[in-house]
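Chemist: So for the sequence shown, numbering that gives the first Met the number 0 puts the first residue at 0; every next one is plus one.
Glycine is no exception: its CB is placed at the ideal position from the N, C-alpha and C atoms.
Attaching a single structure in structure tokens format; questions to follow.
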Amino acid sequence: MTARSRATLNTNADTDLADNTAGAIGALDVRTSVKDLADSATLLDDVVLRLLDADVAHGNDAVLKQWFATAGAVTVPLTGTYRIEGELRLMHGVTSHTTSLAFAGTATVSWIEYQMMHWTAGGANTANTLITVQTTKSNSTAAATVQTGAGTTGEENIWIRGLVRFSAVGTFIPQFNYSTNPAVTTLTKRGTFFSMQYLGDASFTTRGTWA
């Protein structure tokens with residue numbers, strides 16, 4: 000092999016090594032970018048949701064209880080801003096009472112704003128039954144707050160939707176309670192659900208092409 004041949008071979012080897020290295024780094028960059036993008040999409044688009052597919056009994060009393068008697072606490076993985084939505088479907092006795100909502104847990108709530116709609120009447124949890132009277136209330140606290148007037152019907156639904164911002168991670172637990180024991184068997188009905196969706200960090204105000 001001549002000196003010129005060896006030089007050509009070495010040059011080609013160096014070029015191949017550089018190309019292969021660059022290709023590997025490029026592939027790594029692409030894979031990393033795709034992973035980062037996937038992680039971001041998961042945070043932004045995944046909805047954490049809990050629902051009941053069967054009625055569950057809850058206590059005949061006036062103490063605070065979880066919407067879900069088991070697995071009723073959701074873990075807040077990141078500080079920031081979340082959208083919340085849920086429907087609480089209840090059946091109970093007809094003793095006059097009000098109903099309150101609250102949020103507990105170890106996560107620190109910076110602020111919360113949610114709208115509540117409540118309907119109560121015979122057939123409130125019956126399919127294809129038109130209920131023409133609803134009440135609404137705007138809420139800005141996680142503490143237990145009365146949502147309804149005193150009622151003596153055996154069924155009620157509470158729907159909520161809003162935003163909550165967390166300054167420290169932990170658990171977040173939707174709760175409710177009656178002002179007095181409504182008596183008879185008390186049930187959290189099938190179809191009750193609660194969901195959370197991460198929107199952005201603790202200073203989040205905009206998503207999309209606002210200008």
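Rounded to whole angstroms, what's the CA-CA distance from G104 to F171? Just pull it up for me.
Modeler: Position 105 of the sequence shown, counting from 1, holds the residue named residue 104. Position 172 of the sequence shown, counting from 1, holds the residue named residue 171. So the alpha carbons of these two residues sit roughly 5 Å apart.
Chemist: Whole angstroms is fine: what's the gap from Q196's alpha carbon to L50's?
Modeler: Position 197 of the sequence shown, counted from the first residue, corresponds to residue 196. Position 51 of the sequence shown, counted from the first residue, corresponds to residue 50. For Q196 and L50, the distance between alpha carbons rounds to 15 Å.
Chemist: Measure the C-alpha to C-alpha separation of T140 and L162 and round it to an integer number of angstroms.
Modeler: Looking up residue 140 in the sequence shown gives position 141. Looking up residue 162 in the sequence shown gives position 163. Cα to Cα, T140 sits roughly 11 Å from L162.
Chemist: Quick one: residues in its chain with C-beta nearer than 6 Å to the C-beta of T134, no 5 flanking neighbours on either side, listed in chain order?
Modeler: On the sequence shown, residue 134 is found 135 positions in, with the first residue counted as 1. If we look at T134 and ignore the five residues flanking it on each side, its Cβ neighbours are H117.
Chemist: Which of the three DSSP states, helix, strand or coil, is assigned to G150?
Modeler: Position 151 of the sequence shown holds residue 150. Three-state result, G150: strand.
Chemist: Below 8 Å between beta carbons: does that hold for Y177 and A68?
Modeler: Walking along the sequence shown from the start, residue 177 turns up at place 178. Walking along the sequence shown from the start, residue 68 turns up at place 69. For Y177 and A68, no; Cβs fall outside 8 Å.
Chemist: Starting from R49, trace the beta strand (DSSP E) both ways and give me its first and last residue.
Modeler: Taking the sequence shown and counting its residues from 1, the one referred to as residue 49 is at position 50. Run containing R49: 46-50, per the beta strand (DSSP E) assignment.
Chemist: Evaluate contact between the segment 184-192 and the segment 140-150, counting only Cβ atoms and requiring at least three cross-stretch pairs below 8 Å.
Modeler: With a cut-off of 8 Å, the segment 140-150 and the segment 184-192 do not count as touching, because too few Cβ pairs lie within range.
Chemist: Per DSSP, which residues does I157 bridge with? Please list them.
Modeler: On the sequence shown, residue 157 is found 158 positions in, with the first residue counted as 1. DSSP output for I157 lists L87, H117 as bridge partner(s).
Chemist: Keeping to the same chain, check which residues put their C-beta closer than 7 Å to that of P76; ignore five residues upstream and five downstream.
Modeler: For the purposes of this step, residue 76 is taken as residue 77 along the sequence shown, with counting starting at 1. Correct list, in chain order: V168.
Chemist: Suppose the cutoff is 6 Å on Cβ atoms and the five residues either side in sequence are ignored; what does the same chain contact list for E84 look like?
Modeler: If you number the sequence shown from 1, residue 84 lands on position 85. Answer for E84: R160, S194, listed in chain order.
Chemist: From this set, V108, V132, I157, T80, which residue's C-alpha is nearest L198's C-alpha?
Modeler: Sequence index remark: in the sequence shown, residue 198 carries index 199 (1-based). Looking at the Cα atoms, T80 is the closest of the given residues.
Chemist: Would the beta-carbon of E154 be found less than 7 Å away from any heavy atom of the ligand NAP?
Modeler: The ligand NAP is absent from the structure shown, which contains no ligands of any kind.
Chemist: Is the beta carbon of H91 sitting closer than 8 Å to the one on P173?
Modeler: Within the sequence shown, the letter at position 92 stands for residue 91. Within the sequence shown, the letter at position 174 stands for residue 173. Result no, Cβ atoms of H91 and P173 do not sit closer than 8 Å.
Chemist: Quick check on the DSSP output: the beta strand (DSSP E) that includes H57 runs from which residue to which?
Modeler: Looking up residue 57 in the sequence shown gives position 58. Taken as a continuous stretch (DSSP letters only), the beta strand (DSSP E) holding H57 covers 55-57.
Chemist: Looking only at DSSP bridge pairs, what is R164 linked to?
Modeler: In the sequence shown, residue 164 corresponds to position 165, counting from 1. DSSP output for R164 lists T80, W110 as bridge partner(s).
Chemist: On the CB-based measure, 16 or more other CB atoms within 10 Å of its CB, does R206 come out buried or exposed?
Modeler: As a working mapping, residue 206 is identified with position 207 in the sequence shown. That one is exposed.
Chemist: Between T119 and G150, how many whole angstroms is the CB-CB distance? I'm expecting something under 8 Å.
Modeler: Translated into the one-based positions of the sequence shown, residue 119 becomes position 120. Translated into the one-based positions of the sequence shown, residue 150 becomes position 151. Between G150 and T119 the Cβ distance is about 5 Å, and since that is below 8 Å, they are a contact.
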